[in-house]
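One structure is given below, encoded as structure tokens.
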Amino acid sequence: MVAPLNNIALIIFAAVGLCGLPLVYSDYRSRLAHCDRAGKIIFAGVAAVLVIYAARHLSYYYGYLMMDGDTGLYHAQIVRWYKEYGAVCGLGNLHARLAFNSSYFSLGALFDHWWWNQRSAFLMPALLLVGATLYFLRELLFARETGARFYAAVLMSYLVYVAMHNHPGFSYNVPPHLINAVVVLEAYYLLNRRDRVAGKSTDMALLLLLAVGAFTIKPIGAVSVFFAGGLILFLLWRERANRRLWAIAVLPAAVALGVWVARNLITSGYPFYPLPLLAMPFDWTMTDGEANGNYLAITAWSRMPGEGSLTSLENGFWFWFKPWLVRSFQSGEFLFLGVLPFIFAVIGWARVARSRRSWQALFFFVWANANILYWWVGAPHISYGSGFFWVNLGLALLFLNPIELWRRAALRFEKSRLGRRKKLLFAGGLILILAVNLIGTAASKRRSLIFMGKVTVYPVVEHTVNSMPPFKVWVPVAGDQTGDSPLPSSPYPSVVDNIEMRVPGDWGRGFRPVSSK
6 MVAPLNNIAL
16 IIFAAVGLCG
26 LPLVYSDYRS
36 RLAHCDRAGK
46 IIFAGVAAVL
56 VIYAARHLSY
66 YYGYLMMDGD
76 TGLYHAQIVR
86 WYKEYGAVCG
96 LGNLHARLAF
106 NSSYFSLGAL
116 FDHWWWNQRS
126 AFLMPALLLV
136 GATLYFLREL
146 LFARETGARF
156 YAAVLMSYLV
166 YVAMHNHPGF
176 SYNVPPHLIN
186 AVVVLEAYYL
196 LNRRDRVAGK
206 STDMALLLLL
216 AVGAFTIKPI
226 GAVSVFFAGG
236 LILFLLWRER
246 ANRRLWAIAV
256 LPAAVALGVW
266 VARNLITSGY
276 PFYPLPLLAM
286 PFDWTMTDGE
296 ANGNYLAITA
306 WSRMPGEGSL
316 TSLENGFWFW
326 FKPWLVRSFQ
336 SGEFLFLGVL
346 PFIFAVIGWA
356 RVARSRRSWQ
366 ALFFFVWANA
376 NILYWWVGAP
386 HISYGSGFFW
396 VNLGLALLFL
406 NPIELWRRAA
416 LRFEKSRLGR
426 RKKLLFAGGL
436 ILILAVNLIG
446 TAASKRRSLI
456 FMGKVTVYPV
466 VEHTVNSMPP
476 FKVWVPVAGD
486 QTGDSPLPSS
496 PYPSVVDNIE
506 MRVPGDWGRG
516 FRPVSSK
């Protein structure tokens with residue numbers, strides 16, 4: 006948390022991961038014990054092609070033009086700070102967004118060494134794409150419940166869209182949605198397991214840790230922490246679990262959440278930054294104006310992107326809602342990622358309500374729609390909430406599974422020649438789609454499977470901060486993009502003129518507002 010995430014940290018991380026591989030392999034074998042050999046071969050073949058696809062899709066010979074935006078503004082700088090210094094006191098004073106505390110940046114900094122130096126912005130999206138696709142591919146091919154296969158098929162559709170629009174960068178909008186989709190399905194499995202709580206305490210721990218992990222990547226996952234945590238606490242309480250089982254199920258997630266809060270306190274002085282609440286009396290704590298202004302900028306941009314977005318908060322709901330509605334329905338992204346899955350989910354849940362009375366269905370319905378409501382109230386831009394709509398649709402189809410109409414259709418398909426060959430047909434189709442994409446991208450001179458691009462370093466000049474004593478920071482020659490420029494960099498000279506180093510000459514000790522002396 007505080008120590009630099011250097012190559013020594015990567016070695017330790019890799020060693021721990023290698024020690025856990027036998028457990029992962031054992032779990033893999035037990036989960037796929039009931040699957041036929043042909044299905045396993047197909048799964049392995051698709052996995053191999055997918056890895057090649059991800060490498061090709063996200064490997065670029067030259068710096069990718071879309072490396073600007075937030076990655077050039079502050080993402081790359083956070084990763085660089087974590088690599089060289091770890092969490093730094095009052096880092097948000099240098100630039101308010103440098104205090105954004107996402108565990109996605111920590112992973113990026115951890116991987117950003119040796120051959121991957123300055124390349125983790127290309128590596129991270131590829132790992133995310135491969136891992137999520139393999140999980141839902143496994144469910145689609147091997148899940149024992151037809152409803153779970155419907156759920157996996159819906160999320161695979163979402164993943165196809167993500168893959169086609171993915172690009173290098175440290176954007177962390179999609180990762181919490183993919184993890185949330187896994188959490189919801191695993192919560193469904195956990196709820197339907199018949200063994201006692203002692204036999205599933207480790208699965209509870211993993212489920213809650215995943216939910217907290219999605220939250221620490223981006224706070225949009227807060228609702229799922231509440232529901233997953235509430236479900237686990239209910240199961241522990243119902244079976245009167247002892248203290249040991251409580252500790253196994255809850256402690257790992259509690260530690261992860263505690264680390265996230267502690268790092269918030271270090272970088273900004275606020276435990277739940279970017280929420281400007283509970284400012285701590287540290288000398289490095291960001292001023293109320295800086296913290297609150299950053300929070301308002303986030304919420305305003307999601308309602309009215311572009312200059313003048315703050316007017317959306319000053320003029321009330323109808324001022325921003327009408328142009329938001331027009332802009333959203335003119336966007337193909339919003340229609341595909343939001344409107345269409347929501348309409349089909351409403352139809353699906355209506356059929357579920359007519360055909361069965363299930364408290365489980367009600368629980369997951371409330372969970373899924375609470376996520377959407379939280380997104381709508383907090384930051385209603387489709388890039389922040391797209392995955393919630395697809396999880397909602399997937400859950401509706403999951404609970405539609407017992408309906409006789411679906412069951413008969415599924416049985417007829419299973420008995421048909423096409424149904425018996427469905428795995429082979431699906432695998433062949435997916436490989437064909439990926440192969441066509443590979444052939445299409447091979448013609449591009451900017452893309453290479455061997456040479457992976459680096460994060461862009463934008464032209465910067467030194468700027469002297471007139472504190473006592475004065476110090477120098479790097480600022481952009483033009484615009485506000487610094488990219489992976491040397492430390493310390495800040496896109497806004499006017500901001501750094503109001504801060505000073507806590508210990509002159511020592512960047513690792515951080516920064517504080519001049520007024521806090």
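Its first residue numbered 6, the sequence shown is counted upward by one per residue in our numbering. Beta carbons: idealized from backbone N, C-alpha and C, even for Gly.
Residue from the options whose Cα sits closest to the Cα of residue i
| i | options | result |
| --- | --- | --- |
| residue 179 | 192, 189 and 164 | 164 |
| residue 98 | 320, 275, 325 and 245 | 275 |
| residue 509 | 482, 472 and 352 | 472 |
| residue 9 | 79, 26, 91 and 27 | 91 |
| residue 76 | 358, 487 and 23 | 487 |
| residue 147 | 47, 200, 57 and 362 | 47 |
| residue 225 | 49, 303, 370 and 52 | 303 |
| residue 345 | 133, 159, 109 and 267 | 159 |
| residue 184 | 150, 198, 293 and 227 | 227 |
| residue 384 | 24, 513, 247 and 326 | 326 |
| residue 249 | 221, 206, 235 and 222 | 206 |
| residue 166 | 339, 11 and 51 | 339 |
| residue 79 | 382, 182, 460 and 362 | 460 |
| residue 361 | 32, 405, 281 and 351 | 405 |
| residue 331 | 233, 478, 308 and 231 | 308 |
For residue j and residue i, the rounded distance between their alpha carbons
| i | j | result |
| --- | --- | --- |
| residue 219 | residue 238 | 19 Å |
| residue 341 | residue 89 | 41 Å |
| residue 125 | residue 169 | 20 Å |
| residue 35 | residue 259 | 29 Å |
| residue 87 | residue 379 | 30 Å |
| residue 96 | residue 29 | 38 Å |
| residue 476 | residue 262 | 35 Å |
| residue 68 | residue 496 | Residue placement at residue 68 is flagged as unreliable, the pLDDT there being 44, under the threshold of 50; a coordinate-derived value is accordingly withheld. |
| residue 66 | residue 244 | Legend: pLDDT at residue 66 = 48, less than 50; position of this residue unreliable, value from coordinates given subsequently. Cα to Cα, the separation comes out at about 57 Å. |
| residue 19 | residue 242 | 37 Å |
| residue 484 | residue 45 | 52 Å |
| residue 141 | residue 310 | 33 Å |
| residue 377 | residue 393 | 6 Å |
| residue 144 | residue 157 | 6 Å |
| residue 133 | residue 201 | 33 Å |
| residue 527 | residue 492 | Nothing can be reported for residue 527: it is not among the residues displayed for the chain, which extend from 6 to 522. |
| residue 298 | residue 110 | 23 Å |
| residue 365 | residue 358 | 12 Å |
| residue 135 | residue 516 | 39 Å |
| residue 25 | residue 251 | 23 Å |
| residue 315 | residue 324 | 11 Å |
Proximity of residue i and residue j at Cβ, strictly below 8 Å
| i | j | result |
| --- | --- | --- |
| residue 82 | residue 499 | no |
| residue 153 | residue 190 | yes |
| residue 211 | residue 138 | no |
| residue 349 | residue 398 | yes |
| residue 403 | residue 177 | no |
| residue 458 | residue 173 | yes |
| residue 343 | residue 387 | yes |
| residue 115 | residue 15 | yes |
| residue 101 | residue 291 | yes |
| residue 209 | residue 254 | yes |
| residue 188 | residue 162 | no |
| residue 507 | residue 288 | yes |
| residue 401 | residue 354 | yes |
| residue 93 | residue 513 | yes |
Nearest-angstrom Cβ-Cβ length linking residue i and residue j, presumed shorter than 8 Å
| i | j | result |
| --- | --- | --- |
| residue 300 | residue 328 | Wrong, their Cβ atoms sit about 22 Å apart, outside the cutoff. |
| residue 462 | residue 490 | 6 Å |
| residue 396 | residue 186 | 5 Å |
| residue 470 | residue 511 | Not really, about 15 Å apart at Cβ, beyond 8 Å. |
| residue 257 | residue 214 | 5 Å |
| residue 296 | residue 273 | 7 Å |
| residue 1 | residue 482 | Nothing can be reported for residue 1: it is not among the residues displayed for the chain, which extend from 6 to 522. |
| residue 84 | residue 155 | Contact flag wrong, Cβ pair sits at about 38 Å. |
| residue 108 | residue 222 | 5 Å |
Residue i classed as buried or exposed, judged by whether at least 16 other C-beta atoms fall within 10 angstroms
| i | result |
| --- | --- |
| residue 120 | exposed |
| residue 117 | buried |
| residue 313 | exposed |
| residue 71 | Because residue 71 sits at a pLDDT of 48, beneath the cut-off of 50, its placement in the model cannot be relied upon, and the following sentence gives the value as read from the coordinates. Flag for residue 71 reads exposed. |
| residue 464 | exposed |
| residue 269 | buried |
| residue 106 | buried |
| residue 322 | exposed |
| residue 381 | exposed |
| residue 520 | exposed |
| residue 265 | buried |
| residue 204 | exposed |
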